[in-house]
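Novice:
Numbering (my numbering), first residue to last: 70 to 715.
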């Protein structure tokens with residue numbers, strides 16, 4: 070008789086890592102089994118097997134009765150390399166292994182693979198030492214999208230010539246579909262697409278094809294379809310390796326681009342990280358000799374259309390008239406340079422895309438008399454202004470609270486409240502007022518809350534001529550066909566996002582827009598334009614920006630030179646202060662780097678952040694990880710968070 074620890078692959082098990090059962094079956098770690106759980110049998114992965122005699126003491130002390138595991142499935146398809154990589158990721162992120170496993174394997178993939186009658190077998194584990202990274206197998210590719218796709222096509226054909234398969238990992242469904250459409254030219258029968266947007270029937274067919282196709286294949290997948298078992302895979306390509314879409318939206322915190330590289334390294338695959346721009350951390354690894362160039366890591370990017378940088382500060386000085394408030398508001402958002410280029414484009418029947426970093430009408434409302442901001446009554450965050458028809462309302466993007474935008478200043482009682490900042494609805498409203506004959510489409514989480522609505526909006530935009538599309542970052546994966554004009558309405562708003570790597574994200578957005586521009590590319594800003602960031606954006610000179618960015622991060626102790634750890638503590642004001650003090654006392658002072666102010670969350674609930682900064686060479690840190698793992702489950706631990714204050 071044996072005691073078996075398993076990780077159930079089922080929904081609704083938040084807070085559980087492994088469960089224990091007893092069995093007489095001959096099972097080993099990595100096997101797929103079915104276990105009784107909450108009046109049903111669910112698939113699970115075996116993580117540990119021990120003889121009953123070794124576990125007698127623990128069983129006697131247990132407060133529950135062990136259930137019997139009676140069925141071993143015929144589909145042990147999760148590879149030991151995948152489980153090893155997941156265990157290393159758990160050490161890095163200080164997250165439970167079970168939570169990471171459930172987050173990294175799509176339920177649709179589990180259902181499709183389990184439904185196959187054939188006896189699947191996981192790829193054999195690599196027998197060499199996997200504790201050290203393979204520098205020779207890590208390749209970097211920094212090129213515009215079309216050039217990257219050509220190189221991926223070449224890499225796939227090279228793999229086919231060696232009778233090997235390849236995986237191309239993409240951060241979003243739209244980008245996976247674009248890569249699939251390009252790669253299938255000439256090799257369509259051997260390129261397979263897997264993502265959660267497929268119907269159950271199509272997904273089962275694609276999984277069956279991927280597992281039974283004798284010819285080498287190219288698998289284009291989104292992150293949760295990465296573990297599909299294919300023993301001849303020898304190359305993994307991580308497309309848009311710096312994309313924030315690789316981050317899980319909540320707990321457990323996991324970065325799939327990092328995990329994919331870890332998995333590929335352990336499996337002994339060739340790993341390619343491609344993007345424009347590649348992340349500063351990846352560029353640093355290349356400069357340090359930890360990676361090689363796949364074909365090129367270009368230090369200067371060339372675009373067919375030059376970029377026009379428009380200073381809104383100078384534009385406001387040069388155009389003092391007319392003096393109406395409506396005209397001043399319009400000029401503050403749509404400069405004369407952008408207005409002229411937009412009208413010329415639309416007069417020719419062209420299309421234009423305008424990017425705004427935030428949704429709503431205005432992200433901030435302040436009092437003209439005392440300067441106080443309008444804040445949420447529930448959580449204390451700044452209220453954004455939204456419009457619905459002719460009426461306006463305040464909406465909190467933090468907690469979702471809403472109230473009519475008819476109120477006086479809470480601090481001084483003044484009625485002189487002014488909306489500040491640039492957001493999608495405000496830009497669209499101004500365009501509809503000044504260009505009433507031109508259709509204006511908007512893609513953001515307000516106007517297009519789901520994938521179907523976003524696809525309809527982008528299809529309607531490309532079907533119309535002339536037309537204008539206003540959108541947030543949600544728009545970019547959808548806008549793949551060239552347009553006559555693109556513009557970033559406010560680059561400053563983009564740089565104000567609370568992220569320590571915001572310049573990388575801003576460059577990626579700017580480059581993505583320039584890639585689809587046929588005639589005019591404009592970026593509006595109030596900042597000085599003689600800094601490395603704007604030189605990289607306008608002239609494509611990336612080397613100076615990388616070096617300036619890395620020097621600043623090294624001086625401030627940001628990644629890749631340090632690992633940041635953020636602890637979020639929640640509670641009432643009294644309990645929060647007590648718990649935060651207790652946690653701070655347990656943390657090593659050498660790594661503790663401070664804490665945030667107390668934020669009102671909702672009602673009588675508050676939260677506060679505590680920060681740790683660990684030298685990169687000292688992470689994972691077993692001593693610190695042990696301390697963190699003993700903290701209450703309510704404490705949210707995030708390693709290398711994209712933002713340290715939200």
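For each residue, glycine too, the CB sits at the ideal point set by N, CA and C.
For clarity, every value in this text was computed on a predicted model and none was experimentally measured.
Report all residues from its chain with a CB closer than 7 Å to the CB of residue 477; omit the five preceding and five following residues, and keep chain order.
Specialist: Position 408 of the chain shown, counting from 1, holds the residue named residue 477. Cβ neighbours of residue 477 beyond the five flanking positions: 483 and 484.
Novice: To the nearest angstrom, how far is the alpha carbon of residue 699 from that of residue 240?
Specialist: The sequence position of residue 699 within the chain shown is 630, counting from 1. The sequence position of residue 240 within the chain shown is 171, counting from 1. Whole-angstrom Cα-Cα distance: 33 Å.
Novice: How many whole angstroms separate the CB atoms of residue 374 and residue 611, which I take to be in contact at a CB cut-off of 8 Å?
Specialist: The residue labelled residue 374 in the question sits at position 305 within the chain shown. The residue labelled residue 611 in the question sits at position 542 within the chain shown. Going by Cβ atoms, the distance from residue 374 to residue 611 rounds to 18 Å, so no, they are not a contact pair.
Novice: With H, G and I counted as helix, E and B as strand and the rest as coil, what does DSSP make of residue 110?
Specialist: To locate residue 110, count along the chain shown from 1; it is residue 41. Looking at residue 110 - three-state DSSP - the assignment turns out to be strand.
Novice: Could you spell out the range, first to last residue, of the beta strand (DSSP E) harbouring residue 71?
Specialist: By 1-based counting over the chain shown, the position of residue 71 is 2. Segment 71-77, the beta strand (DSSP E) holding residue 71.
Novice: Between the C-alpha atoms of residue 149 and residue 558, what's the straight-line distance to the nearest angstrom?
Specialist: The residue given as residue 149 occupies position 80 in the chain shown. The residue given as residue 558 occupies position 489 in the chain shown. Going from the Cα of residue 149 to the Cα of residue 558 covers about 49 Å.
Novice: Pull up the distance between the alpha-carbon of residue 330 and that of residue 438, whole angstroms please.
Specialist: Taking the chain shown and counting its residues from 1, one reaches residue 330 at position 261. Taking the chain shown and counting its residues from 1, one reaches residue 438 at position 369. The alpha-carbon atoms of residue 330 and residue 438 are separated by roughly 54 Å.
Novice: How far does the alpha helix (DSSP H) with residue 705 in it extend, from its first residue to its last?
Specialist: Numbered from 1 along the chain shown, position 636 holds the residue referred to as residue 705. For residue 705, no alpha helix (DSSP H) segment is defined; the enclosing uninterrupted segment is the beta strand (DSSP E) at 705-708.
Novice: I need the straight-line Cα distance from residue 345 to residue 352, nearest angstrom please.
Specialist: Counting from one through the chain shown, the residue named residue 345 turns up at place 276. Counting from one through the chain shown, the residue named residue 352 turns up at place 283. Annotation: residue 345 to residue 352 spans about 11 Å, alpha carbon to alpha carbon.
Novice: On the DSSP letters alone, give me the boundaries of the beta strand (DSSP E) that residue 316 sits inside.
Specialist: For the purposes of this step, residue 316 is identified with residue 247 of the chain shown, where counting begins at 1. Here residue 316 belongs to no beta strand (DSSP E), and DSSP marks it neither H nor E.
Novice: Can you give me the C-alpha to C-alpha distance between residue 202 and residue 153, rounded to a whole angstrom?
Specialist: Here residue 202 is taken as the residue at index 133 of the chain shown, counted from 1. Here residue 153 is taken as the residue at index 84 of the chain shown, counted from 1. Note on residue 202: pLDDT 42, under 50, position unreliable in the model; the coordinate value appears next. Whole-angstrom Cα-Cα distance: 14 Å.
Novice: Figure out for me which residue from 110, 158 and 71 has the closest Cα to the Cα of residue 124.
Specialist: Along the chain shown, read from residue 1 onward, the residue named residue 124 stands at position 55. Answer by Cα proximity: 71.
Novice: Span of the beta strand (DSSP E) holding residue 283?
Specialist: Along the chain shown, one-based indexing puts residue 283 at 214. Run containing residue 283: none; DSSP gives neither H nor E here.
Novice: Is the beta carbon of residue 609 sitting closer than 8 Å to the one on residue 424?
Specialist: For this step, residue 609 is matched to residue 540 along the chain shown. For this step, residue 424 is matched to residue 355 along the chain shown. Contact: no.
Novice: I'd like to check one pair, residue 565 with residue 574: are the Cβ atoms closer than 8 Å?
Specialist: In the chain shown, residue 574 corresponds to position 505, counting from 1. In the chain shown, residue 565 corresponds to position 496, counting from 1. Result no, Cβ atoms of residue 574 and residue 565 do not sit closer than 8 Å.
Novice: Going by C-alpha to C-alpha distance, which of 494, 262 and 435 sits closest to residue 456?
Specialist: For the purposes of this step, residue 456 is taken as the residue at position 387 of the chain shown. Selected option, being the one with the closest Cα: 494.
Novice: DSSP on residue 661, reduced to helix/strand/coil?
Specialist: Position 592 of the chain shown, counted from the first residue, corresponds to residue 661. The answer is strand: DSSP assigns residue 661 an E or B state.
Novice: How would you call residue 222, buried or exposed, if buried means at least 16 neighbouring beta carbons within 10 angstroms?
Specialist: Residue mapping note: residue 222 aligns to position 153 of the chain shown, counting from 1. Buried, because 16 or more other Cβ atoms sit within 10 Å of the Cβ of residue 222.
Novice: State the Cα-Cα distance for the pair residue 99 and residue 147, rounded to the nearest angstrom.
Specialist: Stepping through the chain shown from its first residue, residue 99 is reached at position 30. Stepping through the chain shown from its first residue, residue 147 is reached at position 78. One C-alpha to the other measures close to 7 Å.
Novice: Secondary structure at residue 175, three-state DSSP: helix, strand or coil?
Specialist: Taking the chain shown and counting its residues from 1, the one referred to as residue 175 is at position 106. Residue state, collapsed to three classes: coil.
Novice: For residue 684 and residue 662, I'd like the C-alpha separation in whole angstroms.
Specialist: Numbered from its first residue, the chain shown carries residue 684 at position 615. Numbered from its first residue, the chain shown carries residue 662 at position 593. Rounded to whole angstroms, residue 684 to residue 662 spans 12 Å at the Cα level.
Novice: Does residue 322 pass the burial test, meaning 16 or more other C-beta atoms within 10 Å, or should it be called exposed?
Specialist: Position 253 of the chain shown, counted from the first residue, corresponds to residue 322. When all chains shown are included, residue 322 counts as buried.
Novice: Assuming residue 591 and residue 545 are in contact, meaning their beta carbons sit under 8 Å apart, how far apart are those beta carbons, in whole angstroms?
Specialist: As a first step, residue 591 must be located in the chain shown, where it is residue number 522. As a first step, residue 545 must be located in the chain shown, where it is residue number 476. Between residue 545 and residue 591 the Cβ distance is about 17 Å, and since that is not below 8 Å, they are no contact.
Novice: On the criterion of 16 or more Cβ atoms from any shown chain inside 10 Å, does residue 501 qualify as buried, or is it exposed?
Specialist: In the chain shown, residue 501 corresponds to position 432, counting from 1. Residue 501 comes out exposed.
Novice: For the putative contact between residue 678 and residue 636, defined by C-beta atoms under 8 Å, what is the C-beta separation to the nearest angstrom?
Specialist: The count along the chain shown starts at 1 and reaches residue 678 at position 609. The count along the chain shown starts at 1 and reaches residue 636 at position 567. Right, the Cβ-Cβ distance comes to about 7 Å (below 8 Å), so this counts as a contact.
Novice: Since residue 554 contacts residue 414 with CB under 8 Å, what's their CB separation in whole angstroms?
Specialist: Within the chain shown, numbered from 1, the residue matching residue 554 stands at position 485. Within the chain shown, numbered from 1, the residue matching residue 414 stands at position 345. At roughly 4 Å, the Cβ-Cβ gap stays under 8 Å, so residue 554 and residue 414 are in contact.
Novice: If you pair each beta-carbon of the region 171-178 with each one of the region 283-303, do three or more pairs fall below 8 Å?
Specialist: These segments touch.
Novice: Going by DSSP, name the residue or residues bridged to residue 308.
Specialist: Counting from one through the chain shown, the residue named residue 308 turns up at place 239. Residue 308 is bridged to 343.
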